[in-house]
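In the working numbering, the protein residues as written are 17 to 299.
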């Protein structure tokens, strides 16, 4: 009797089911990993934003040991001495760094970027790379600063990350500086409405993020504006760079750099120049 044979097809329903189970498990694992990473990111951000109340420590400088030679200030006592420095940006345009070095300048704080005071866009200083490369070529010690107009911790992190990107190919000798100043353009200044606490939170976030990346953080401002802009007990944990254009700085607490004029004359630089002293402890 003739048989009616048909080709049998083995069921493949098990393969899609197994694949579906695998993909479901993978999705759960990736979701859990994403949540874990998000928790870690939140923890990092909370740590960066944490304001630590730090005791005030008075500086030990005796300004009777400060001397002047024309535009240049000098300091030396039994424990400390100073070296001469400048801070520069695109405002100085092209600098003759050989002439700067020959004049006795030993360090430079160089602007790497800034945030606009009105619209808040972040910009790289157009002379940053040239200034860094030339200063290092002639043997001048370098640090960097970012001019901030951050209005919240998220923007402060953006500024810190931008700064870290700019300096990743350079070896720094000196700190990375947060410089926040209110603009003189009236209501257009985007940080004018911030409270002291909010400005301080921005500063602390930037500085902790720089610190966590392995650099020494520093904050800049004038003797007067430190008190006006920030809750100062929360910035004492950082290095301080103080500006005061007088016979000596009246800032009473510890600081590392003093910007003593904005109109100094330095060979190799056109126009007035910010000049600074870095205080170094003797061994």
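Glycine included, every Cβ here is placed at the ideal spot set by N, Cα and C.
- Between residue 118 and residue 107, the alpha-carbon positions lie close to 22 Å from each other.
- Runs of the beta strand (DSSP E) spanning 3 or more residues and lying entirely within the segment 168-213 occur at 192-196, in chain order.
- Going by beta carbons, residue 140 and residue 132 fall outside the 8 Å limit.
- If you ignore the 5 residues before and after residue 195, its C-beta comes within less than 7 Å of the C-beta of 161, 162, 163, 164 and 236, all in its own chain and listed in chain order.
- A distance below 8 Å between beta-carbons, with the five flanking residues on each side excluded, links residue 159 to the following residues of its chain, in chain order: 123, 124, 125, 126, 188, 189, 190, 191, 192, 193 and 234.
- The segment 204-211 and the segment 252-270 do not touch, with fewer than three beta-carbon pairs separated by less than 8 Å.
- The beta carbon of residue 277 is closer than 6 Å to those of 261 and 291 in its chain, skipping five residues each way along the sequence.
- By the Cβ test, the segment 89-104 is in contact with the segment 270-287, since at least three Cβ pairs between them sit closer than 8 Å.
- For residue 85, there is no enclosing alpha helix (DSSP H); the residue is part of the beta strand (DSSP E) that begins and ends at 82-85.
- Under DSSP, the beta-bridge partners assigned to residue 255 are 234.
- The beta carbons of residue 79 and residue 264 sit closer together than 8 Å.
- Note that the C-beta distance between residue 69 and residue 250 is below 8 Å.
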